[in-house]
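Number of protein chains: 2
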Amino acid sequence: MKTAFIGLGVMGYPMAGYLSKAGHDVTVYNRTSSKSEQWCKEYDGASAPTPAEAAAGADIVFTCVGNDDDVREVILGEQGAIRGMAAGVILVDHTTASAKLARELETALAEKSVGFLDAPLSGGQAGAENGQLTIMAGGKEETFERAQPVMDCYAKAITLIGPAGHGQMAKMVNQVCIAGVVQGLAEALHFAKRAELDVPKVIEAISKGAAQSWQMENRWQTMSNDEFEFGFAVDWMRKDLAIALEEANQNGATLEMTALVDRFYAEVQELGGSRWDTSSLIARLESKP
Amino acid sequence: MKTAFIGLGVMGYPMAGYLSKAGHDVTVYNRTSSKSEQWCKEYDGASAPTPAEAAAGADIVFTCVGNDDDVREVILGEQGAIRGMAAGVILVDHTTASAKLARELETALAEKSVGFLDAPLSGGQAGAENGQLTIMAGGKEETFERAQPVMDCYAKAITLIGPAGHGQMAKMVNQVCIAGVVQGLAEALHFAKRAELDVPKVIEAISKGAAQSWQMENRWQTMSNDEFEFGFAVDWMRKDLAIALEEANQNGATLEMTALVDRFYAEVQELGGSRWDTSSLIARLESKP
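So the protein lines, in turn, are chains A and B.
Residue numbers for the first sequence follow our numbering, beginning at 41 and rising by one.
Residue numbers for the second sequence follow our numbering, beginning at 41 and rising by one.
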């Protein structure tokens, strides 16, 4: 199938690679062109100087960029993908962005008979590199059914949650859960360290019961050792939490703990932790006298 | 082995039963005597009118009561177990209580050459009824080695964390983790419901990734359906969080989210939820207009 991939960040780069390895014809676009040159060399592929030119002639176009503004620019902008797309084509946005934007894009693209899915990812850089991402999609069922087999090459699970925007909302549910789990774990480990407990023994004792979590299993050791130079960056987590808090506000939902943890992440940024992993909430506690 | 079990609540009642079924000679004591009568009938056992008399002649004495004051009363009180215990006997306290009390008891019992373990439980009522509890112990290694084979009949995992009090501290670590996980999950599900998402599909999509937790797997459905008449009561959770906050204060640890969640539980109590399961934090959010 003829595809275009717009945005070769830590997620998009390997994802576009999986499309190529699955036998699809891939044309890439990236704002910083050195990245697309590197990609073309690695995968013997093609690049285009604008999103519109990358999208021209594609059956399906993928975007995976930074935030709402970036998505708007690469899709609806002067040189946006929409200008290269024909009727019947599908656009899949893998960026974590607002549900409002997803609904706006579906409407704008429908005017050109282009199908749309908001399809944010979970699984992080490791998931993208191993082709084991989880995808939460929003959009029409017929669009989903056509796009799903193409996305299979980089995903272990792809779920259509509901109409446009619901993929993004599901991602917000995911991030709100993580905010609570990580802050709880951070306070618990901080408590254990200040009390001079044998942390590995404590984790051994509690890790099979009601306190168990993916974060406990995968992060207790790095958190105990103050290792944060990896994983999902605090800057990105704050972007996601800002979207969650804004959507909650519009739907009349109350997210007090989420708002508190977002402020804690702001303090981690002040400590110099903008690029640290989400688990660095404990660094803020440990920094206190 | 000759044992005594003091406190036949929802945890102690089946635990004493497992001791009896394992072939131990068990004498029980319970403040409300109808419970001990019922237990004696069910297990063809013996009861005593005071903790001291229950403990007389026992090789190992177990206590599982309400709070610090209750523990002090049944062990050190006028008719407390200590008055019936000979040198070389072991006392295991399964109550979730303060670490300070654990250290105090170890000292008091050592004067009579009685060994002590603080050994709080996790696994809840179901774990007690199935003999699948998790036990976090604090105390001397020789005491632990003698008590462990006896506790095996009602536990799936028994860990010696460190010296007296460290079993209680490990339990606090467990409860702080749970506070964060449950509040995060409550906000996430509340957000999903207010946004009218397909909650089962969202959970299906996110339950294998970085947001995964025991609480998500075991509580998302009851939380979504506002079912709280089961499990670990809010009153008990608040007792445990109060201990955690007090111990944190003494050790110079900062537990802001835990303190916030404790206040949220106070609001659940005001809604009439004192006996509701810990997962009822969502009821408070759903009660908002």
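By construction, the Cβ of each residue, glycine as well, lies at the ideal position given by its N, Cα and C atoms.
Going by DSSP, M176 (chain A) is part of the beta strand (DSSP E) stretching over L173 to G179.
Within chain A, the residues whose beta carbon sits less than 8 Å from that of D238 (chain B) are I201, G202 and H206, listed in sequence order. Straight-line measurement puts the Cα of L173 (chain B) at about 14 Å from the Cα of A251 (chain A). Distance check between W79 (chain B) and each of B:M51, B:T183, B:G106 and B:G97 places B:M51 closest, using alpha-carbon atoms only. Note that the C-beta distance between A293 (chain A) and R234 (chain B) is below 9 Å. With a cutoff of 9 Å on beta-carbon distance, G85 (chain A) and T67 (chain A) are scored as near each other. In terms of Cβ geometry, A121 (chain A) and L131 (chain A) form a close pair [threshold 9 Å]. W316 (chain B) does not reach chain A, its nearest Cβ partner there being about 16 Å away, counting only Cβ pairs nearer than 7 Å. With fewer than 16 neighbouring CB atoms inside 10 Å of its own CB, P240 (chain A) falls in the exposed class. Only exposed fits A150 (chain A), as fewer than 16 other CB atoms lie within 10 angstroms of its CB. Counting the other Cβ atoms within 10 Å of the Cβ of T318 (chain A) gives 16 or more, which makes it buried. Under the three-state reduction of DSSP output, V154 (chain B) falls in the coil class, being neither helix nor strand.
For the region 298-327 of chain B, the residues whose beta carbon sits under 7 Å from a beta carbon of chain A are, in order, T298, L300 and L325. Judged by their CB atoms, L157 (chain A) and V111 (chain A) are not nearer to each other than the 9 Å cut-off. It is roughly 27 Å from the alpha-carbon of S162 (chain A) to the alpha-carbon of L325 (chain A).
With a cut-off of 8 Å on Cβ pairs, the region 247-264 of chain A is in contact with the region 202-220 of chain B, counting three or more such pairs.
Where T135 (chain B) is concerned, there is no enclosing beta strand (DSSP E), because DSSP gives it neither an H nor an E. A straight line joining the alpha-carbon of A98 (chain A) with that of R278 (chain A) spans about 34 Å. According to the DSSP secondary-structure assignment, D192 (chain A) is paired through a beta bridge with no residue.
Chain B has no Cβ within less than 9 Å of the Cβ of M51 (chain A).
The beta-carbon of I100 (chain B) is placed no less than 9 Å from the nearest beta-carbon of chain A.
Around the C-beta of S74 (chain A), fewer than 16 other C-beta atoms lie within 10 Å, and the residue is accordingly described as exposed.
Not a single CB atom of chain B sits nearer than 9 Å to the CB of F270 (chain A). Measuring C-alpha to C-alpha distances from P89 (chain B) to each of B:W276, B:G167 and B:V114 identifies B:V114 as the nearest. Between T136 (chain A) and K211 (chain A) the beta-carbon gap is near 5 Å, inside 8 Å, which marks them as a contact. A residue is called buried when at least 16 other Cβ atoms come within 10 angstroms of its Cβ; P54 (chain B) meets this threshold and is buried.
Interface flag for V274 (chain A) against chain B is unset, since no Cβ pair is found closer than 9 Å. Residues of the region 205-234 of chain B that bring their beta carbon within less than 7 Å of a beta carbon in chain A comprise H206, M209, A210, M212, V213, N214, V216, C217, I218, A219, G220, V221, Q223, G224, L225, E227, A228, H230, F231, A232 and R234, in sequence order. Contact annotation for V68 (chain B) against chain A: no contact, minimum CB-CB distance about 27 Å [criterion: below 9 Å]. Excluding residues up to 5 positions away in sequence, V301 and L321 lie with their Cβ nearer than 6 Å to the Cβ of Q223 (chain B) in the same chain.
Only residues of its own chain outside the window of five on either side were considered, and among them V66, Y83 and G85 have a CB closer than 7 Å to the CB of S60 (chain A), listed in chain order.
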